[in-house]
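Report on the following structure.
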Amino acid sequence: MDSTLHALADPTRRAILAQLARGEATPTDLARPFAISQPAISQHLKVLQDAGLILRRIDGNRRPCRLAPDRLGEIEDWLGQLRRTFEANYARLDILLAELETKE
1 MDSTLHALAD
11 PTRRAILAQL
21 ARGEATPTDL
31 ARPFAISQPA
41 ISQHLKVLQD
51 AGLILRRIDG
61 NRRPCRLAPD
71 RLGEIEDWLG
81 QLRRTFEANY
91 ARLDILLAEL
101 ETKE
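Numbering (the working numbering) for the sequence shown: 1 to 104.
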(Lines of atoms letter the chains of each structure in order from A; the text may use other names.)
(Lines give C-alpha, C1' and ligand atoms only; values in the text may rest on other atoms or scores of the structure.)
Protein backbone atom coordinates (compact mmCIF):
# COMPACT_ATOMS: atom_id res chain seq x y z
CA MET A 1 0.00 0.00 0.00
CA ASP A 2 2.95 2.36 0.60
CA SER A 3 3.97 2.29 -3.06
CA THR A 4 0.37 2.95 -4.07
CA LEU A 5 0.07 5.95 -1.77
CA HIS A 6 3.46 7.22 -2.93
CA ALA A 7 2.34 6.97 -6.56
CA LEU A 8 -0.93 8.76 -5.78
CA ALA A 9 0.85 11.56 -3.92
CA ASP A 10 2.04 13.19 -7.15
CA PRO A 11 -0.48 15.39 -9.02
CA THR A 12 0.95 14.46 -12.44
CA ARG A 13 0.48 10.76 -11.71
CA ARG A 14 -3.07 11.39 -10.50
CA ALA A 15 -3.78 13.28 -13.72
CA ILE A 16 -2.36 10.38 -15.74
CA LEU A 17 -4.65 7.99 -13.89
CA ALA A 18 -7.60 10.29 -14.61
CA GLN A 19 -6.71 10.17 -18.32
CA LEU A 20 -6.47 6.37 -18.19
CA ALA A 21 -9.88 6.21 -16.52
CA ARG A 22 -11.25 7.29 -19.90
CA GLY A 23 -9.50 4.39 -21.62
CA GLU A 24 -6.21 2.96 -22.80
CA ALA A 25 -3.59 5.45 -24.01
CA THR A 26 0.00 5.48 -25.19
CA PRO A 27 2.73 7.34 -23.31
CA THR A 28 2.73 9.94 -26.10
CA ASP A 29 -1.01 10.49 -25.64
CA LEU A 30 -0.55 10.75 -21.89
CA ALA A 31 2.27 13.30 -22.24
CA ARG A 32 0.29 15.77 -24.39
CA PRO A 33 -1.41 17.76 -21.60
CA PHE A 34 1.81 18.22 -19.63
CA ALA A 35 4.69 20.64 -20.07
CA ILE A 36 7.23 17.97 -19.16
CA SER A 37 9.51 15.76 -21.21
CA GLN A 38 8.67 12.31 -22.53
CA PRO A 39 11.33 10.73 -20.26
CA ALA A 40 9.64 12.39 -17.25
CA ILE A 41 6.29 10.90 -18.31
CA SER A 42 7.98 7.52 -18.71
CA GLN A 43 9.32 7.78 -15.17
CA HIS A 44 5.85 8.60 -13.85
CA LEU A 45 4.48 5.59 -15.74
CA LYS A 46 7.16 3.38 -14.22
CA VAL A 47 6.17 4.50 -10.71
CA LEU A 48 2.50 3.82 -11.49
CA GLN A 49 3.34 0.42 -12.96
CA ASP A 50 5.59 -0.53 -10.03
CA ALA A 51 2.74 0.41 -7.68
CA GLY A 52 0.44 -1.89 -9.63
CA LEU A 53 -1.88 0.94 -10.67
CA ILE A 54 -1.39 0.57 -14.42
CA LEU A 55 -0.66 -2.22 -16.84
CA ARG A 56 1.40 -1.82 -19.99
CA ARG A 57 1.47 -4.04 -23.04
CA ILE A 58 3.36 -4.21 -26.30
CA ASP A 59 1.40 -3.67 -29.50
CA GLY A 60 3.95 -3.46 -32.30
CA ASN A 61 5.77 -0.16 -31.78
CA ARG A 62 3.15 1.09 -29.35
CA ARG A 63 3.22 0.58 -25.58
CA PRO A 64 -0.35 1.35 -24.50
CA CYS A 65 -1.20 1.71 -20.82
CA ARG A 66 -4.43 1.04 -18.97
CA LEU A 67 -5.64 1.08 -15.40
CA ALA A 68 -5.00 -2.09 -13.43
CA PRO A 69 -8.22 -3.63 -12.20
CA ASP A 70 -8.83 -3.85 -8.46
CA ARG A 71 -5.56 -2.23 -7.33
CA LEU A 72 -7.33 0.70 -5.77
CA GLY A 73 -9.50 -1.73 -3.81
CA GLU A 74 -6.81 -1.99 -1.13
CA ILE A 75 -6.82 1.78 -0.67
CA GLU A 76 -10.63 1.85 -0.75
CA ASP A 77 -10.79 -0.78 1.98
CA TRP A 78 -8.31 1.13 4.13
CA LEU A 79 -10.15 4.42 3.64
CA GLY A 80 -13.44 2.70 4.44
CA GLN A 81 -12.00 1.43 7.70
CA LEU A 82 -10.80 4.94 8.57
CA ARG A 83 -14.18 6.38 7.64
CA ARG A 84 -16.00 3.93 9.92
CA THR A 85 -13.62 4.74 12.78
CA PHE A 86 -14.12 8.49 12.35
CA GLU A 87 -17.89 8.08 12.09
CA ALA A 88 -17.93 6.05 15.31
CA ASN A 89 -15.81 8.69 17.06
CA TYR A 90 -18.07 11.50 15.85
CA ALA A 91 -21.15 9.56 16.95
CA ARG A 92 -19.69 9.20 20.46
CA LEU A 93 -18.84 12.91 20.46
CA ASP A 94 -22.40 13.77 19.42
CA ILE A 95 -23.74 11.70 22.33
CA LEU A 96 -21.36 13.39 24.75
CA LEU A 97 -22.28 16.87 23.50
CA ALA A 98 -25.97 16.04 23.76
CA GLU A 99 -25.48 14.85 27.35
CA LEU A 100 -23.59 18.06 28.21
CA GLU A 101 -26.39 20.18 26.75
CA THR A 102 -29.02 18.41 28.81
CA LYS A 103 -26.99 18.95 32.01
CA GLU A 104 -26.84 22.69 31.39
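Glycine included, each C-beta is placed from N, C-alpha and C at the ideal position. Note that this is a predicted model, so its numbers are computed, not measured.
- Counting along the chain, L100 sits inside the alpha helix (DSSP H) bounded by residues L72 to K103.
- Spanning the alpha carbons of L55 and T85 requires a straight line of approximately 33 Å.
- Inter-segment contact for the stretch 57-73 and the stretch 86-99 is absent: fewer than three beta-carbon pairs are separated by less than 8 Å.
- Taking L20 as the centre and dropping the five residues before and after it, the same chain places the C-beta of I54, C65, R66 and L67 closer than 7 Å to its C-beta, in chain order.
- Straight-line spacing of the CA atoms in W78 and L17 works out to 20 Å.
- Here the C-alpha atom of A51 lies approximately 8 Å from the C-alpha atom of M1.
- Sequence-distant Cβ neighbours of P33 in its own chain, meaning closer than 8 Å and more than five residues away, are A15 and Q19.
- Looking at I95, A25, R71 and H44, the one whose alpha-carbon comes closest to that of A9 is H44.
- Counting the other Cβ atoms within 10 Å of the Cβ of A7 gives 16 or more, which makes it buried.
- The stretch 8-44 is shown to contain whole alpha helix (DSSP H) runs of 4 or more residues at 11-21 and 27-31, in chain order.
- Linking L5 to K103 through their CA atoms gives a straight-line distance of about 45 Å.
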